[in-house]
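2 protein chains.
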Amino acid sequence: MSDRLQLDLANYLPYLVNRLGGALVADMIANTLAPFDLTIDMWRLLAVLSYRGAQRQVDLVDMSSIEASTVSRLVTRLARMGLVTRKRSETSSREVVIELTAKGRAQVERIIPAALKLEQTASTGIPAKDMAVVKRSLRRMFENMTGR
Amino acid sequence: MSDRLQLDLANYLPYLVNRLGGALVADMIANTLAPFDLTIDMWRLLAVLSYRGAQRQVDLVDMSSIEASTVSRLVTRLARMGLVTRKRSETSSREVVIELTAKGRAQVERIIPAALKLEQTASTGIPAKDMAVVKRSLRRMFENMTGR
DNA sequence: TCGCAATTGTTGTCAATGCAATTGTTGTGG
DNA sequence: CCACAACAATTGCATTGACAACAATTGCGA
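Structure representation (structure tokens):
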């Protein structure tokens, strides 16, 4: 009777996005992070800290999309590894400020080339003009989903 | 001395992809899956089964990017919920074939409209031509990372 | 200013995940 | 045709991660 309701996965945006995301993560872990004894979430925190400088934990949560209690425990581990410091904010004693140590910065700078190479590998065969469209659209869609 | 090695997160593909993926998943869970008592991975399996029909578990692993032992256990739960059946393959008794039940198909058809609406929401303000570029590029990048 | 709600971070708990080992089956080279 | 490698699925076990409850601090409205 009625047409069957169908979901064309091969053309369904959330499927395409998360499938690629998973492949990128798997590659990053296997080829780069494992030797450094870093998990993907640790790397995300370090990358955010490198990119934006010292941050409160709540801002790390926001920028990394990692859940708050997980961030709290990851920061503890990163501090124990000597890659970050955690100290109370001067302006508000309920806040905590996380900052890369010299060792942490060195670690990030050792990883960045591999991270860039990963992006290159993924981008093979895609015109620069198309990649610009992709990145702009990914940012816009994120805004659409979160209201920034 | 040397320029500092930097990673521009706001323009870094893996970051943009996984950040959007997380936002899409969070929305899907909160607004659609939770009321059905489904996890995101359960939904992925159901969607693949709906899209491609009965599948061996190993093929579900391949198409869903979910780890094999997790698929095994999720299928057990889905079967217990009456959404799929699991039976030994006729051609090879080490294989198992998973198939949607009528109840499972009905469930998927109730979810699909919300899934399409999610895609619409994310796509707001993005020209159809750009979206075509995005989807084509996402598929190509996945191929680049996995060799298909 | 006082009280209460919101913010920030931590901890307890338990289900879920991933990895490795295991079982059972199929395919294949010698 | 036999031994052994490859494949498919499951299970054990340790780790992870999410959610909720909590503690501490700050901010705000009446």
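Residue numbers (our numbering), protein chains in the order written: chain A, 1 to 148; chain B, 1 to 148.
The C-beta atom is built at its ideal place from N, Cα and C for all residues, glycine as well.
Look up residue i in the DSSP assignment and give the residues it is bridged to.
i     : result
I98/A : Q55/A, R86/A
Identify the contact partners of residue i in chain A, using a Cβ-Cβ distance below 9 Å as the criterion.
i     : result
P35/B : Per Cβ cutoff of 9 Å: no residues; P35/B is ~18 Å from chain A at best.
So is residue i buried or exposed if we call it buried at 16+ other beta carbons inside 10 Å?
i      : result
D27/A  : buried
R44/A  : buried
G125/B : exposed
N31/A  : exposed
G21/A  : buried
R19/B  : buried
Q6/A   : exposed
G82/A  : exposed
A122/B : buried
S137/A : buried
A47/A  : buried
A23/A  : buried
S65/B  : buried
S50/A  : buried
What does residue i reach in chain A if we use C-beta pairs closer than 8 Å?
i      : result
N144/B : T121, A122, S123, T124, G125
S65/B  : N18, R19, G22, A23
D27/B  : M145
L60/B  : Correct list: empty, because the minimum Cβ distance to chain A is about 12 Å.
L83/B  : By Cβ distance, chain A contributes nothing, its closest Cβ being about 16 Å from L83/B, past 8 Å.
Kindly list, in the order they appear in chain A, the residues whose Cβ is closer than 7 Å to that of residue i.
i      : result
R140/B : G125, I126
D130/B : V133, S137
I112/B : L5, L7
M42/B  : Here the premise fails: no neighbours, minimum Cβ distance about 14 Å.
L74/B  : In chain order: nothing, as chain A lies at least about 16 Å away.
L38/B  : Per Cβ cutoff of 7 Å: no residues; L38/B is ~15 Å from chain A at best.
Since residue i meets chain B, which of its residues come closer than 7 Å, beta carbon to beta carbon?
i      : result
V17/A  : V17, L20, G21, L24, L138
E149/A : Only positions 1 to 148 of chain A appear in the structure, and residue 149/A is not among them; the question remains open.
S115/A : At residue 115/A the sequence reads Ala, which differs from the Ser that was named. Chain B residues near A115/A: L7.
L118/A : P14
Mind listing the chain B neighbours of residue i? Cutoff is C-beta to C-beta under 8 Å, in chain order.
i     : result
V48/A : L9
L78/A : Going along chain B, no residue has its Cβ under 8 Å from L78/A, so there is no contact; the nearest lies around 17 Å.
What residues of chain B sit near residue i, judged by a beta carbon separation below 9 Å?
i     : result
L45/A : Chain B residues near L45/A: none, gap ~12 Å exceeds 9 Å.
- Item | the segment 47 to 61 of chain A in contact with the segment 93 to 106 of chain A per 3-pair CB rule at 8 Å | yes
- Task: Tell me the start and end of each unbroken alpha helix (DSSP H) in the segment 13 to 42 of chain B that is at least 4 residues and wholly inside, in chain order.
- Result: 13 to 28
- Task: Could you tell me whether the segment 137 to 146 of chain A touches the segment 107 to 122 of chain B, using the rule of 3 or more Cβ pairs below 8 Å?
- Result: yes
- Message: Give the list of continuous alpha helix (DSSP H) stretches no shorter than 4 residues that lie fully inside the segment 60 to 85 of chain B.
- Response: 68 to 80
- Task: Mind the definition here: the segment 70 to 84 of chain A touches the segment 10 to 20 of chain A only if three or more C-beta pairs lie below 8 Å; say whether that holds.
- Result: no
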